[in-house]
Every structure is written in C-alpha cells, then in structure tokens.
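All letters in the sequence shown, in the order written, are residues 1 to 81 by full-length UniProt numbering.
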Amino acid sequence: MSPDGTKKTNKRYNEDFKRTVVDLYHSGYSVKELSNEYGISEITIYKWIKECTPLGEAGQFIAPKKIAAMPEGNAAIETGK
C-alpha cells in the first residue's frame, strides 16, 4: 500500500508504447521530459531503453529476453552474425 492508504497498482504498457517512448528518447528528448510528459518514472524509461535493442534493417525492437527464446536469435548471438 502507498503512504496514503490506497492500494498501488502496477501499470502495464504494451510494446508499441514502450517503443514509441524509446524512439522519442533516441530522437533527442530527455528521459526527464518523457517522464513528465507521460507520467512514467525515469527508472522505468531507462529500463526500457536498456531492454530494447534495435535489430535488423527494419529497425525492429526486440527485448533481450525474447531474443533468448528464439533459436535463431541464440545462434546469431553466439556466432556474432
């Protein structure tokens, strides 16, 4: 519970929203600006930036956990290709 006695719920954000925030960061917005604009903690935004890695020519963002779950992703990581 939060200090005011209300139950705190964790917000869930979809991958498209996370990618949009990370894209805005890479286009020049500061983490502080994004945090204020969208009401997301700076720590959460830094986590999304760290977790989202651009792969391939399509600029597709894939979290490292998802890469590890893909057999071809593991092979590419191990061989460096």
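We put the beta carbon where it would ideally sit given N, CA and C, even for glycine.
Taking residue i as the reference, give the member of the options with the closest Cα.
i: Gly39; options: Met70, Phe17 and Glu51; result: Phe17
i: Asp23; options: Ala69, Thr44 and Cys52; result: Cys52
i: Arg12; options: Pro71, Val31 and Ile45; result: Ile45
Can the beta-carbon of residue i be found less than 7 Å from the beta-carbon of residue j?
i: Ile43; j: Tyr25; result: no
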